[in-house]
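To start, the structure under review is shown below, and the notes come after it.
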Amino acid sequence: MKTAGCDIGSRTAKAVIFENNKIISSAVIPAKLDPVESSETVIQMALEKAKLKMGDMDQIVGTGYGQQEIPFAHRLESEIVCHAKGAWWNMPSVRMIIDIGGQDSKAIKIDENGKVIRYTYNDKCASGTGRFLEIMADALQVALDEMGEIGKTSKERLTISNQCVIFAETEVVSLINEEKDVADIINALHRSLANRVASLARSLTIEQDVVMTGGVAKNRGVFDALSDGIGVPVKALDGIDPQINGALGAAIIASEV
Amino acid sequence: MNSIFMEAATNLEISSIRKWKEKGGKIVGYTCSFMPVEIFHAADILPIRLRGINAHSMEISDSYYGPFVCSFPKAVIQLAGSGKYDFLDGVVLSNGCDTLRRMNDCWRKMGEDIKGALPSWFYYLDVPHKPDGHAFEWYVNQLKKLISAIEKQFNVQISEVKLNTAIKAQNEIRDLIWKIETLRRESPLKLTGSEAYAAIIAGTLMPVDEYKNHLNEFLNTILKRKGDRAEEKKKIFLGGSICDDFELIALIEKSDAVVVGENICFGIRNVKDRVSEANNPIQALTKKYLSTSVCPRMMGWYKQRAAMIIERIKHIKADGAIIQNIRFCDLHGTENGLLERDFEKNKIPSLRIEREYGPLTETGRLKMRVDAFIEQLKSADIKE
Amino acid sequence: MRPELKEYNLDWLFASTFSVAKYLANSSPGEMEYVYKYIPYVSKLLKPLLETGKPAITFLDLFGDYYTNIVNAKENGKKVVMTTFCFDPCIFYAVDNLLPVTLEIGTALTSLAWKRGSTDFMDYCTEIGFSETGCSSQRGAMGAYLAGLGAQIDLVALNMGGVCDTNANAYNFAAQYLDVPYYGLDYPSELTSDDVREYHHQDYRNLVRFIEEHTQCKFDIDKLREVLEEKRKQDDLMNEIEDMQRLIPSPVPGIFHIMIYAARYIYSGKKKFTKLLGEMVEIVRDNAKKGLSGLSNGVEKNRTFLVYIDNYSNGIALYEWFEKKGISHLGNILSRTFAETAPYTTGIPGTAYRIDTTNFDTMIDTLADINARMPMTRTIRGAYDAPNMWLDDTLSLAKIYGADCCIYLGTPGCRNTWSNIKLMARDLEAFGYPTYIAYGDSFDSRVETWETTEMRFEEFYNIRGLL
Amino acid sequence: MSIAAGFDVGSLSTKAVIIKQNKIAGSAIIKSGPKPVESADRVMAKLLDDTGITQGDIKRAVGTGYGREKIKFINHAISEISCHAKGAQFFVPSARTIIDIGGQDCKVIKLDQDGNIIKFITNDKCASGTGRFLDVMAKVMNIDVSELGKLSQKSTKPISFASICTVWAQADVIKHINSRRPAEDICAGINTAMANRVSMLTNAIKVEQDICMTGGVAKNQGVVKALSSILGCRIKKVKKADPQLIGAIGAALFAQEIL
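Residue numbers (the numbering used here), protein chains in the order written: chain A, 1 to 257; chain H, 1001 to 1384; chain F, 2001 to 2467; chain R, 3001 to 3259.
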């Protein structure tokens, strides 16, 4: 049975093609203004890689911020369930998933069957979301995906404390004006974001193994800071792009009918 | 700048605390100015005011406290959760405000998750929001209960004699601090607000005798000073939420200003700000500590507080007042709104700011405001 | 505040709206639809309300009455006292020249009936110096009275000091700003000891003196007794409703909780409120006899208990959503009474109040005991997990009513619950109650849109398999 | 020839102005880089280029803006608040209230008849109501910030925004775009949200006429209109100069006074 999962986020759109418990292909594109367009483009990319056509799909499950807009989805499933499913499939020992998305972040607790026990979203403040890094990358005039690398070279330990993203940005501006090194500022931003998210996991009481999913998981700076933040090592998904985890989960769920 | 006081103002576990512990001395932390330190001194226990300085993240406290909460108690919980307060033998919490009252809930819960985060002795002092009548009696009883709790926990005797000695010692310190307070507004300028403030903060962290000696030394060095061009600097009065992160005062003084007085929940307000040595010590402590002059938590006494503050500002001839509140501190946030209005009536220029507690990363935004305020005060002189 | 808003008086708007609205009941469905076209927002509240029949008319009549009296207060030589919702107002009705305005109820009504709720008044409070982070439940209506768009306030009397400082602080600001006398009852963090009982009694006696001093009029013992006897009847009726709510399916229509919440905090001790409760009890009894659910579609799929406040912003979207989903609304902490006769009071001495009308002193003590056991003054004073506090109350209520899950809804202005709701949720989950923490504001829809809240609710009920 | 110069190193843009006998003799605006020192040097270079004067001709210079202390070639650093007041007063002498919406914050300044600052207030609580708010929104709508005002003029059904938080409002904007609401209505909604926020600050200081608006946002007709309708009085604008330059002009005027 051939299935697909399509995850339309606020920043990126992802698709995964799945057959006999294997990932056949996947695709990630930056989200377009029109989610319908995003979903169609990304699924086509994934299908082409797999040399398949839309018609070959037995089931397609949609998820993510823009799931309502996916025209070809047979079913919709919440991100929480999809992330849980994807991570559990990839690593059955997982009991806790931390996902930093563009719009919001989540900590999810699952049982040994990948069923969601409890979950929580970021406190109503965007400084705990992927958007935080975007806005900061803007202010620092560096590329979002370079931040991880740049942060590594940090020497001085700075602090960015403000809850409000825009005020945090002003803090960054003052740090720039104090001629602080950009690497140090980025490093502080990583810790600031990681610590906000760490508190989510902590409020559910940590249980291992913990994995981190979502695009931000590729940012080594945040990834390592998160381990410090929750006090236990955070694992990376085994051999797959953490960004497609939601779509993967959706594809797996699609295959479960 | 006095190095011992500086160390005290900017660090948590200061050398005198370490020394005290090495001597096998007990240390109890408290969170609110409505807790009479004399009681602990009388038991040879060192009471220290809990602070949130140097808390650089909130990942622990944010898992107990919600998002819409003042960052001061959060910072304290964060430090306790990361082992910075492991040296405490006990803690006395009280209902300073909703959030401080709830610190009791959060700290205990954290104790379940993090081994050793909860001190062996954890006490809650229930302070009324009124100064007189049945409230006075209630507080007296609370102090009696506190005393017997201490006696039981640390098996000590807190006799009336010991209490009276402790009161006497604290009063001597109050007199010394008052000397500093009077020097602060003299011109030419003999000491900065940061110096004075560091000295006052140190007082919430040090054994009495040690502190007294340092105060005396400090006073002597000040008196020897020739003094600095005070007249060019603008004299600022600072009020509002708890502010033991004295960098705020340092920041204000960077802008060609000097902080000549505060109305923050420690330090002393006037020469009469002492504990009576005449009668029953517990009654006397109640009279001093169950005060309406310190904190807006004493609801319904705004007029008296405002009158006292305005009188002080005029008495110390401050050029203007900066009133600040920590984000989500509604008590001060609101009272500052009323003060702003009454300052205007009394022709006292004022700057009202809201800030986060802790590492002063909002420097840029704060500096711009303070600079502008000082420029405003200066342009006012030119006009005259 | 926008200049045009300064043209409308809050009390007058309510008075006219409610006293006119009750006549809608006499009109034909066609006529109603026609009228609703002209009142697109108020109708959101009126429609489901009027569907309840008799109680709706009494409810509207009661509020029309209440606000008309406030509008005419000065002409009738009455003084107006500003007070809070967790203060039992029946004491004021034992003095013949005093009328209470309860801010939180006013705020709730604006958010239920008006497009922008009371957000303009909230912002006005900020403009005149009140902390923007303060609780929205007061900021709403308070703005109107401070702007002079409501009755002129003669004195401020309330409780909550020590329980909810944020609340007491708001009223203190109002008193200072309007420069009128202020008296606040103060509450230690414990509930049941003899010391605290004594404290409550003395504190309340000072309140009585305060009222007498500022209204130049003595309490009439017979009037006091009459009010308390009326309150006794009201408690019994509320208890009966509470008791029947234990049935599965619950025979209590969700909207009754709004009606009780709103009416009890302004008309406690008044005959009209007794009438309202009587009519509600009849409906609930009838449903119970027939084994009917209080839900309009009749099918109860889930029973939800709100551990704190209801959602009054966004009209009554929450109730409509519950109806749509087949969720029985089991009420919230605030629609509770802790009379010793209530089905969930434990019988532990000091936890509940008894009404004793023997003489003046026993009556004043009774009132003190009642006030000390109003939902919030009782529940969120001490540590959340201390005996007879938030966790205890929530667990016993959730158990008695067979709740499937709990929802926290509040306001970002609540320092109290936002300081321990995460701990609460943890414990409730441990006791087997799936618990969702909503970040919205019960009185200010700007904090989180209903669409977002609804999306989160959908997700919660689905993921946790509650429907 | 005595020339006074003013430099305003803001978080988003850096401006320079020179004044000769109380007349603006030249100006330059550039986008701020990460380092204020460099931004200052770059704007200076551009200024000299455009005006043909040499750095030596500048007798006195005053700096303002976030990076003011870092500028090498100034004699004094003065806060934006004082400089904006000074600049606005220069163009609108009748101004008693000045509303300046900058990139990172929003200031409302009250003046006496001599142009002295009596009181000022800035946004501490919330970052919405700053220029950044409009930038972020414009970015989401993928139009230039300058178009927000023009577009909103065409609006027939302005959207009212639920959230006032810059970041959450952003999510709302995306929602409205997805549900294909006309851009002009979204823009109008954004401008009104902005104006609401600013009006709270303005009313908090008890607004006095005439009101004068400075800063880049003053170019946005939508915001100005919405604001004056909320405040219930008309808002004067600086006609003779780019409102973005007011800070730098104020600085130059201070420099001229010391001259």
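Every residue, glycine too, gets a C-beta built ideally from N, C-alpha and C.
Along the segment 1193 to 1206 of chain H, there is no position whose C-beta sits under 7 Å from a C-beta of chain A. The segment 2112 to 2130 of chain F makes no contact with the segment 2391 to 2408 of chain F: fewer than 3 CB pairs, one atom from each, lie closer than 8 Å.
For K3015(R), the secondary structure class from DSSP, reduced to helix, strand or coil, is strand. At least one C-beta of chain H is nearer than 9 Å to the C-beta of T3122(R). When secondary structure is reduced to three states using DSSP, N1263(H) falls in the strand class.
The segment 3052 to 3067 of chain R makes contact with the segment 3242 to 3251 of chain R: 3 or more CB pairs, one atom from each, lie closer than 8 Å. Taking a C-beta cut-off of 7 Å against chain A, none of the residues of the segment 1311 to 1333 of chain H qualify. Scanning its chain for C-beta atoms nearer than 7 Å, with the 5 sequence neighbours on each side dropped, one finds around S3152(R) the residues E3184, C3187, A3188, N3191, G3222, in chain order.
One alpha carbon belongs to K2422(F), the other to G1066(H), and they sit about 7 Å apart. Residue contact check for E2454(F) against chain A: no CB pair falls below 9 Å. From the listed residues I252(A), F18(A), S39(A), G66(A), the smallest Cα separation to D3172(R) is found for G66(A). Chain-ordered, the chain H residues with CB closer than 7 Å to the CB of D3105(R) read R1365. Inter-segment contact for the segment 2044 to 2064 of chain F and the segment 2077 to 2089 of chain F is absent: fewer than three beta-carbon pairs are separated by less than 8 Å. G3067(R) reaches chain A at N177, counting residues in chain order whose Cβ is nearer than 8 Å. Here the alpha carbons of K1115(H) and S2193(F) stand approximately 33 Å from one another. Within chain F, not a single residue places a beta-carbon under 8 Å from that of E1059(H); the smallest gap is close to 13 Å. Counting along the chain, no alpha helix (DSSP H) covers E178(A), and no H or E run does either. In this structure R95(A) touches D209(A) by the C-beta definition: roughly 6 Å separates them, less than 8 Å. Among the CB atoms of chain R, none fall inside 9 Å of the CB of D123(A).
For chain R, the residues of the segment 2118 to 2131 of chain F that bring a beta carbon within less than 7 Å of one of its beta carbons are D2123, T2126, E2127, in chain order. In this chain, K1144(H) is not harboured by any beta strand (DSSP E); it is covered by the alpha helix (DSSP H) spanning 1133 to 1153.
For the segment 1271 to 1306 of chain H, the continuous alpha helix (DSSP H) assignments of 4+ residues that do not extend past its boundaries occur at 1281 to 1289, in sequence order. For the segment 3185 to 3207 of chain R, the set of residues with a beta-carbon nearer than 7 Å to any beta-carbon of chain F comprises M3200, N3203, A3204, in chain order.
Around the C-beta of A2430(F), fewer than 16 other C-beta atoms lie within 10 Å, and the residue is accordingly described as exposed. About 30 Å separates the beta carbon of I3053(R) from that of C3212(R), a gap too long to meet the 8 Å contact definition. Its chain contains Y2204, R2205, V2208 as the residues whose beta carbon lies nearer than 7 Å to that of I2364(F), once the 5 sequence neighbours on both sides are disregarded; these appear in chain order. The criterion of a C-beta distance shorter than 9 Å is not satisfied by A1055(H) and V1069(H).
The C-beta distance from I1313(H) to F1237(H) rounds to 5 Å, short enough to meet the 8 Å contact threshold.
DSSP places N1336(H) inside the alpha helix (DSSP H), whose first and last residues are 1330 to 1345.
Listed along chain F, the residues sitting closer than 7 Å to N1104(H) by beta-carbon distance are A2383. The three-state secondary structure of F2130(F), taken from DSSP, is coil. For G151(A), the enclosing alpha helix (DSSP H) stretches over residues 147 to 152. F2443(F) is positioned such that its CB atom lies no closer than 9 Å to that of G2150(F).
Note on geometry: alpha-carbon atoms of L2306(F) and Y2312(F) lie some 13 Å from one another. Of all residues in the segment 3230 to 3256 of chain R, only I3230, G3232 place a beta-carbon less than 7 Å from a beta-carbon of chain F. For the 9 Å CB-CB criterion, G249(A) and A27(A) do not form a contact.
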